[in-house]
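Heads up: the structure comes next, in structure tokens.
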Amino acid sequence: RFNVAGTPDGGFGTGGFTVSDLSVAWNEINAIAIQPTGEIVAAGFRTIGSDRQAIIGRYTSAGSPDNTFDTDGLATLGLPGFFDYADAVAVQGDGKIVMAGTGAESGNRNVYLARVDSGGTLDNGFSGDGRLTFPIGTGTDVARGLALDADGRAVITGTTTTSDDEDFFVARIDDADGELDTAFGSGD
Numbered sequence: 001r002f003n004v005a006g007t008p009d010g011g012f013g014t015g016g017f018t019v020s021d022l023s024v025a026w027n028e029i030n031a032i033a034i035q036p037t038g039e040i041v042a043a044g045f046r047t048i049g050s051d052r053q054a055i056i057g058r059y060t061s062a063g064s065p066d067n068t069f070d071t072d073g074l075a076t077l078g079l080p081g082f083f084d085y086a087d088a089v090a091v092q093g094d095g096k097i098v099m100a101g102t103g104a105e106s107g108n109r110n111v112y113l114a115r116v117d118s119g120g121t122l123d124n125g126f127s128g129d130g131r132l133t134f135p136i137g138t139g140t141d142v143a144r145g146l147a148l149d150a151d152g153r154a155v156i157t158g159t160t161t162t163s164d165d166e167d168f169f170v171a172r173i174d175d176a177d178g179e180l181d182t183a184f185g186s187g188d
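Under this note's numbering, the residue at position 38 of the sequence shown is numbered 38, and the numbers go up by one with no gaps.
Take a look at the structure:
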């Protein structure tokens, strides 16, 4: 964290920085959000062997891992056997955390969302098991952005790619059941 003058904030982590070593070869954080209570939520992935797993970590406002979040400050949200990662994260008004990214199964990359409660546990009220994957097109679908609308519904942006074309998309998730809102958009 940096002060207004652009210098490292010595009261945050160690010398203004926090480094999380997940004891695996490749870790990446792609998005952050700040909870109203000051905690920092970070989303990305970690790689174990050939399995890439989406993660959400939470840090205290002082930059330490928040051990009240999934016992060690890090929730692994990867779908078993999937190649998945998080590129966006948002905090709902009720403290639940939504991440968006991409999940791949059998070579198909689809939009992947997950929602956890404020303690880092998958929220079974969201799509039955806290996770949702869906295709946008027939090729590779990558979620890159996430925002919550005035009603708390997740709005996702990204790209959908076929063999000869790449387009962008906007999709909305119905917060009531955690499913794709098929009444949103025209499909053009």
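Note that the Cβ used here is the ideal one computed from N, Cα and C, for glycine as well.
It should be emphasised that the depicted structure is a prediction, and the values quoted were computed from it without experimental measurement.
For this session: Inspect the CB distances between the region 72-92 and the region 101-112 and report whether three or more fall short of 8 Å.
Result: Using a C-beta cut-off of 8 Å, the region 72-92 makes contact with the region 101-112, since at least three inter-stretch Cβ pairs fall below that distance.
Exercise. For Gly63 versus Phe126, is the C-beta distance shorter than 8 Å?
Worked result: Contact: no.
For this session: With DSSP collapsed to three states, give me the class of Arg1.
Result: Assigned with DSSP and collapsed to three states, Arg1 falls in coil, not helix or strand.
Exercise. Exposed or buried, which one is Asp165 when buried takes at least 16 other CB atoms within 10 Å?
Worked result: By the 10 Å Cβ count, Asp165 comes out exposed.
Problem set entry | Member of Leu148, Ile32 and Thr68 whose CA lies at the smallest distance from the CA of Thr40 | Correcting the residue type first, residue 40 is Ile in the shown sequence and not Thr. The shortest Cα separation from Ile40 among Leu148, Ile32 and Thr68 belongs to Ile32.
For this session: Please state if the CB of Asn27 and the CB of Arg46 are separated by a distance shorter than 8 Å.
Result: In contact: Arg46 and Asn27 (Cβ atoms closer than 8 Å).
Exercise. Hey, Gly178 and Leu146: beta-carbon distance below 8 Å or not?
Worked result: No; because the gap between Cβ atoms is not below 8 Å, this pair is not in contact.
Problem set entry | Beta carbon of Gly152 nearer than 8 Å to that of Asp175 | Cβ atoms of Gly152 and Asp175: closer than 8 Å.
Problem set entry | Secondary structure of Leu77, DSSP reduced to three states | DSSP, reduced to helix, strand and coil, places Leu77 outside both helices and strands of the structure shown, so it counts as coil.
Problem set entry | Nearest candidate by alpha-carbon position, reference Asp21, set Pro8, Gly73, Thr7 and Thr37 | Across the set Pro8, Gly73, Thr7 and Thr37, the C-alpha of Gly73 shows the shortest separation from the C-alpha of Asp21.
For this session: Please work out which residues of its chain come closer than 6 Å, Cβ to Cβ, to Met99, disregarding the five sequence neighbours upstream and downstream, and give them in chain order.
Result: So the list reads Ala43, Ile56, Ala86, Val89 and Ala114, once near-sequence residues are dropped.
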